[in-house]
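Single-structure report; data block below.
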Ligand code: ADP
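Residue numbers (the numbering used here): 12 to 366.
Below, the structure written as structure tokens:
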């Protein structure tokens with residue numbers, strides 16, 4: 012049985028469907044990321060699950076029980092928001108025990124569970140401090156401990172890492188994932204950051220205007236996006252407009268155009284998507300390699316060294332083509348902006364969507 016089931020959830024504000032028929036099943040112990048641009052309905056979905064917002068239609072089931080009309084406190088869900096929402100006048104330990112106090116858990120049991128939760132997030136030594144004596148990352152760990160202390164039926168995480176700086180965000184992301192797996196907690200994680208969603212989630216629900224555009228594993232949504240919206244939102248790509256006739260597509264203007272190949276047939280106006288790590292950098296005028304019949308000639312627009320990879324951009328008559336090379340590939344060292352270059356890739360790595 013699913014630990015969480017959403018059936019046709021809908022929420023309307025002033026005639027606009029903020030959430031427009033969201034359904035999903037979440038197995039016990041797994042983490043789903045709700046991923047999408049600002050305003051697509053992620054937080055409203057999470058708030059309805061938490062009971063902080065009432066749906067206009069649809070049902071929410073937790074372990075088979077209909078909780079749609081239960082008040083938030085009887086759902087026993089642990090919620091972590093972007094802003095830590097800690098009580099400044101209470102100690103860290105009292106903050107962590109707050110939910111337990113609301114549930115009427117006695118003092119000694121409350122202390123035991125608060126300490127155990129603080130131990131889980133590595134903050135046992137800070138129990139007597141006030142939140143302002145802690146760093147942002149530590150405060151977010153306190154918020155997480157508070158959510159875990161109630162032994163929640165579901166862990167609901169609303170952009171919990173967004174207020175932290177990049178390095179801390181990466182560290183806490185790994186810690187949270189290890190902890191969630193270890194505890195076997197079922198979690199819903201809201202984020203607009205595709206890298207965060209891919210790294211954290213068992214399932215990713217990509218949302219577009221109140222609906223789930225695609226629900227799948229991180230690899231599904233990255234490698235096999237269902238729509239152009241998903242392909243654009245999840246990961247970078249070359250995006251080349253063209254006209255398809257079967258497995259060939261003409262891209263670029265007139266005599267400067269190129270014929271590119273796809274593995275499956277398409278017809279009419281399309282946009283071709285190719286991931287930068289699938290594209291090879293070839294010498295200008297180099298013959299097409301076996302298995303790489305798609306080639307585009309252009310000039311190097313930029314060369315960005317990012318550490319592990321080098322991100323090149325090639326300007327071609329068909330459009331801009333980003334190419335990611337491993338930084339230890341010596342090919343990029345001889346390149347300069349403005350130099351001619353050729354890009355090549357396989358038809359099977361060419362995704363096409365109706366334009
Ligand atoms: P996200 O979390 O994906 O950024 P939200 O769920 O916060 O999106 O919002 C979805 C849509 O609903 C947005 O258009 C937003 O402006 C609208 N909305 C959210 N909450 C309210 C509210 N309390 N009153 C009116 N409109 C709202």
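Here a beta-carbon is modelled for each residue, glycine too, at the ideal position from N, C-alpha and C. Note that the coordinates shown come from a computational prediction; the quantities given were computed from them, not determined experimentally.
Less than 6 Å separating the Cβ of residue 26 from some heavy atom of the ligand ADP? Placement of the Cβ of residue 26 at a distance of 6 Å or more from every heavy atom of the ligand ADP is found.
Strictly under 7 Å for the Cβ-Cβ distance: is residue 245 near chain B by that measure? Looking for chain B here will not work: only one protein chain is present.
Which whole runs of the beta strand (DSSP E) in the segment 191-229 are 3 residues long or more, in chain order? At a cut-off of 3 residues, the continuous stretches assigned as beta strand (DSSP E) that sit fully inside the segment 191-229 are 198-202, 214-219 and 222-227.
Quick one: Cα of residue 38 to Cα of residue 13, how far? Our two residues, residue 38 and residue 13, have alpha carbons roughly 5 Å apart in a direct line.
Is the beta carbon of residue 62 within less than 6 Å of some heavy atom of the ligand ADP? Result no, Cβ not under 6 Å from the ligand ADP.
In terms of alpha-carbon separation, which member of 72, 118, 84 and 275 lies closest to residue 15? Of 72, 118, 84 and 275, the smallest CA-CA separation from residue 15 is found for 72.
For residue 18, report the span of its alpha helix (DSSP H) as first-last. Per DSSP, residue 18 is not a residue of any alpha helix (DSSP H); the beta strand (DSSP E) it occupies stretches across 15-24.
By Cβ distance, which residues of its chain are closer than 7 Å to residue 190, with the 5 residues on each side in sequence left out? Taken in chain order, the residues that qualify are 131.
Check residue 346 in the structure and name its three-state DSSP category. Coil, per DSSP.
Can you check DSSP and say which residues form a bridge with residue 259? For residue 259, the beta-bridge partners assigned by DSSP are 256 and 272.
Do you know whose CA, among 266, 289 and 258, lies nearest residue 278's CA? The candidate whose alpha carbon is nearest that of residue 278 is 258.
Comparing the CB of residue 94 with every heavy atom of the ligand ADP, is any distance shorter than 6 Å? Not so, every heavy atom of the ligand ADP lies at least 6 Å from the Cβ.
What residue does the beta strand (DSSP E) around residue 240 start on, and which one ends it? For residue 240, there is no enclosing beta strand (DSSP E); the residue is found in the alpha helix (DSSP H) stretching over 239-244.
Rounded C-alpha distance that separates residue 330 from residue 354: Separation of residue 330 and residue 354 (C-alpha to C-alpha, rounded to the nearest whole angstrom) is 12 Å.
How is residue 279 classed by DSSP in three states: helix, strand or coil? Here residue 279 sits in strand by DSSP.
Top-ranked residue by Cα proximity to residue 42, from 166, 126 and 286: For the residues 166, 126 and 286, the minimum Cα distance to residue 42 belongs to 166.
Only counting the same chain, and skipping five residues up and downstream in sequence, which positions put a Cβ closer than 6 Å to that of residue 139? If we look at residue 139 and ignore the five residues flanking it on each side, its Cβ neighbours are 102.
Would you check if the distance between the CB atom of residue 290 and the CB atom of residue 356 is smaller than 7 Å? Cβ distance < 7 Å, so residue 290 and residue 356 count as in contact.
Assuming the contact rule is C-beta atoms closer than 8 Å, residue 75 and residue 163 should be a hit. Round their C-beta distance to whole Å, please. Between residue 163 and residue 75 the Cβ distance is about 17 Å, and since that is not below 8 Å, they are no contact.
Do you know how far the Cα of residue 333 is from the Cα of residue 280? So the alpha carbons of these two residues sit roughly 22 Å apart.
Can you list, in chain order, the residues of its chain with a C-beta nearer than 7 Å to that of residue 201? Leave out the 5 residues immediately preceding and following it. Hits under 7 Å: 45, 53, 54, 57, 168, 169 and 170.
Report yes if the C-beta of residue 32 is less than 6 Å from at least one heavy atom of the ligand ADP; otherwise report no. No, since every heavy atom of the ligand ADP falls outside the 6 Å radius drawn around the Cβ of residue 32.
Cβ of residue 160 within 7 Å of Cβ of residue 128? Yes.
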